[in-house]
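Heads up: the protein sequence lines correspond to chains A and B, in order.
Adding 138 to a residue's 1-based position in the first sequence gives its number in the working numbering.
Adding 138 to a residue's 1-based position in the second sequence gives its number in the working numbering.
Number of protein chains: 2
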Amino acid sequence: MYADKIPDIIIGRLPVYLRALQRMSDKGLKTTSSQELGEHVGISAAQIRKDISQFGEFGKQGTGYSIPFLLDKLKEILKVDRIWDVVVVGAGDIGHAVANYQGFKNRGFRITMIFDNDKGKVGNQIGEFTVEDTEGMVERIKSTGVKVAMLTVPAAAAQTAAEKLVQAGVKAILNYAPINLNVPSSVKVQYIDPSTHLQRMTFYL
Amino acid sequence: MYADKIPDIIIGRLPVYLRALQRMSDKGLKTTSSQELGEHVGISAAQIRKDISQFGEFGKQGTGYSIPFLLDKLKEILKVDRIWDVVVVGAGDIGHAVANYQGFKNRGFRITMIFDNDKGKVGNQIGEFTVEDTEGMVERIKSTGVKVAMLTVPAAAAQTAAEKLVQAGVKAILNYAPINLNVPSSVKVQYIDPSTHLQRMTFYL
Numbered sequence: 139m140y141a142d143k144i145p146d147i148i149i150g151r152l153p154v155y156l157r158a159l160q161r162m163s164d165k166g167l168k169t170t171s172s173q174e175l176g177e178h179v180g181i182s183a184a185q186i187r188k189d190i191s192q193f194g195e196f197g198k199q200g201t202g203y204s205i206p207f208l209l210d211k212l213k214e215i216l217k218v219d220r221i222w223d224v225v226v227v228g229a230g231d232i233g234h235a236v237a238n239y240q241g242f243k244n245r246g247f248r249i250t251m252i253f254d255n256d257k258g259k260v261g262n263q264i265g266e267f268t269v270e271d272t273e274g275m276v277e278r279i280k281s282t283g284v285k286v287a288m289l290t291v292p293a294a295a296a297q298t299a300a301e302k303l304v305q306a307g308v309k310a311i312l313n314y315a316p317i318n319l320n321v322p323s324s325v326k327v328q329y330i331d332p333s334t335h336l337q338r339m340t341f342y343l
Numbered sequence: 139m140y141a142d143k144i145p146d147i148i149i150g151r152l153p154v155y156l157r158a159l160q161r162m163s164d165k166g167l168k169t170t171s172s173q174e175l176g177e178h179v180g181i182s183a184a185q186i187r188k189d190i191s192q193f194g195e196f197g198k199q200g201t202g203y204s205i206p207f208l209l210d211k212l213k214e215i216l217k218v219d220r221i222w223d224v225v226v227v228g229a230g231d232i233g234h235a236v237a238n239y240q241g242f243k244n245r246g247f248r249i250t251m252i253f254d255n256d257k258g259k260v261g262n263q264i265g266e267f268t269v270e271d272t273e274g275m276v277e278r279i280k281s282t283g284v285k286v287a288m289l290t291v292p293a294a295a296a297q298t299a300a301e302k303l304v305q306a307g308v309k310a311i312l313n314y315a316p317i318n319l320n321v322p323s324s325v326k327v328q329y330i331d332p333s334t335h336l337q338r339m340t341f342y343l
């Protein structure tokens with residue numbers, strides 16, 4: 139609807155607001171202000187008000203924001219008012235950590251499958267998951283309709299795996315391999331590469 | 139020097155350029171253009187030229203960029219023409235994955251210590267590291283002069299651990315805990331939170 143009109147940099151801040159509001163809610167808080175939220179997330183109150191106002195009039199002058207209301211609205215905007223199934227490709231160290239990660243709870247995601255192309259790993263148990271063979275991956279993902287994937291394979295295998303995911307109908311890839319992926323523009327990619335994050339900080343040291 | 143004048147968003151793209159150039163170099167390539175580099179990283183040629191020109195005249199009209207020269211310059215700018223020692227706090231699943239991660243090689247970082255406050259984990263071996271007790275962490279970090287840390291503890295423990303790191307003289311923290319940290323503005327923080335990255339994509343689905 140308004141997806142094309144809102145700058146991506148604003149969309150990028152909404153999950154950060156959502157996370158902070160969820161923590162306030164967990165502590166039993168019911169209302170907050172852009173000032174208070176700003177202190178939690180390190181973003182100015184004016185920026186927060188401007189970002190949120192892109193989507194409607196969610197706050198009241200003088201009384202601020204209702205936390206439960208703003209939580210619901212942000213979840214709806216980010217489409218995490220539902221649970222997305224997620225497939226993990228790569229059963230190495232990062233795949234293990236991701237499969238066992240407790241931080242997806244209440245954030246809108248649930249890992250449902252994990253694949254690897256190493257026959258030595260296929261059939262292994264990782265927490266509640268049995269590692270499946272990437273050979274049958276495209277059909278398996280297609281048949282389940284999963285749209286979200288996490289790619290935790292080595293850099294050399296990432297582009298091929300990404301192409302299989304695209305072929306299977308995946309529309310959002312969180313890529314842990316330290317390489318840029320070439321995928322159609324209809325497929326969203328986000329990157330997690332600790333070296334890149336660290337280099338962004340050493341500039342300032 | 140120019141750290142205050144260059145927008146942070148440009149600094150954030152430099153590690154991505156560096157990573158792509160390193161891969162080109164590994165393949166034996168010697169020169170590239172902003173067009174070619176742009177295709178690898180998904181950023182327009184004009185943006186790349188503008189970003190790089192902030193730091194000097196590194197390319198030549200018609201012949202493009204020398205890859206070894208631009209690599210050296212970017213490493214120098216990002217201060218990864220050296221190796222930074224890195225401390226890991228938290229010896230759980232993510233701490234394990236990070237400690238065993240091979241992707242720091244040639245990127246300017248080397249993990250040298252890993253800490254946990256769980257006495258059941260202290261003394262355990264993770265790859266080449268022995269898990270150390272956080273009780274002695276501040277003094278240990280101070281004495282070694284480490285400035286860079288990765289925080290892989292649960293959300294509830296992250297703020298306290300971050301304060302210890304600041305006290306120990308750490309100036310850059312890569313935080314894997316799903317919570318915003320309150321640290322002095324002289325300390326840089328970057329966040330890796332897979333749920334936040336995923337939510338940024340589901341908006342578009």
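We put the CB at the ideal spot given by N, CA and C, even for glycine.
The model shown is predicted, which means the values in this text are computed figures rather than measured ones.
- Listed along chain A are Leu-216, Lys-217, Val-218, Trp-222, Gly-246, Val-286, Ala-310, each with a C-beta nearer than 8 Å to that of B/Thr-340.
- When CB distances to chain B are screened at a threshold of 9 Å, not a single residue of the segment 254-265 of chain A falls below it.
- Taking the Cβ atoms as the reference, A/Ala-296 lies roughly 20 Å from A/Ile-264, outside the contact range of under 8 Å.
- Within the same chain, and ignoring the five residues on either side of A/Val-218 in sequence, the residues whose Cβ sits closer than 6 Å to its Cβ are Gly-246.
- Contacts between A/Thr-334 and chain B, judged by CB atoms closer than 7 Å, involve Pro-153, Val-154, Arg-157 in chain order.
- B/Tyr-203 is bridged by DSSP to B/Thr-170, B/Gly-197.
- Checking the DSSP bridge columns, you'll see A/Ala-310 partnered with A/Val-286, A/Lys-326.
- Annotation for B/Lys-211: Phe-196 place their beta carbon closer than 6 Å to its own, counting only its chain and skipping 5 residues before and after.
- Contact holds between the segment 299-311 of chain A and the segment 272-289 of chain A, because three or more Cβ pairs, one in each stretch, are under 8 Å apart.
- Three or more beta-carbon pairs separated by less than 8 Å link the segment 223-237 of chain B to the segment 285-294 of chain B, which places the two stretches in contact.
- The shortest CA-to-CA distance from B/Asp-256 to any of B/His-234, B/Thr-272, B/Arg-248 is the one to B/Thr-272.
- Per DSSP, A/Asp-146 is not a residue of any beta strand (DSSP E); the alpha helix (DSSP H) it occupies stretches across 146-164.
- By the rule that beta-carbons nearer than 8 Å mark a contact, B/Phe-207 does not touch chain A.
- About 6 Å separates the beta carbon of A/Ser-333 from that of B/Phe-242, a gap short enough to meet the 8 Å contact definition.
- Rounded to the nearest angstrom, the gap between the Cα atoms of A/Pro-316 and A/Ile-215 is 30 Å.
- For a Cβ distance threshold of 9 Å, nothing in chain A lies close to B/Lys-280: the least Cβ distance comes to about 17 Å.
- Chain A has no Cβ within less than 8 Å of the Cβ of B/Pro-322.
- Neighbourhood of B/Phe-242 in chain A, by CB distance below 7 Å: Ser-333, in chain order.
- Judged by DSSP secondary structure, A/Thr-340 falls outside any beta strand (DSSP E) and instead within the alpha helix (DSSP H) spanning 332-340.
- In the DSSP assignment, A/Thr-298 falls within the unbroken alpha helix (DSSP H) covering 293-305.
- Taking the beta carbon of B/Gly-166 as reference, no residue of chain A falls within 9 Å; the closest one sits roughly 16 Å away.
- In the three-state DSSP reduction, A/Arg-187 falls in the helix class (H, G or I).
- When rounded, the separation of the alpha-carbon atoms in B/Phe-207 and A/Ala-293 is 24 Å.
- Flagged as an interface residue toward chain B: A/Ala-235, by a C-beta distance shorter than 8 Å.
- About 19 Å separates the Cβ atoms of A/Ile-148 and A/Thr-170, ruling out a contact at the 8 Å cut-off.
- In terms of CA proximity to B/Phe-253, B/Glu-270 leads the group B/Pro-153, B/Glu-270, B/Gln-240.
- With its beta carbon at least 8 Å from every one in chain A, B/Val-304 lies outside the interface.
- Between A/Leu-312 and B/Leu-336, the C-beta gap is smaller than 8 Å, which places the two residues in contact.
- Contact between A/Gly-228 and A/Val-291 is confirmed by a C-beta separation of about 4 Å, below the 8 Å threshold.
- For B/Leu-152, same chain residues with a beta-carbon under 8 Å away, outside a window of 5 residues either side, are Asp-189, Leu-212, Ile-215, Leu-216 in chain order.
- Under the DSSP assignment, B/Asp-223 falls in the beta strand (DSSP E) whose first and last residues are 222-227.
- Identification of residues in the segment 172-190 of chain B having a C-beta nearer than 9 Å to some C-beta of chain A yields Glu-177, His-178, Val-179, Gly-180, given in sequence order.
- Considering only A/Ser-172, A/Ala-235, A/Ser-324, the residue with the shortest C-alpha distance to A/Thr-201 is A/Ser-172.
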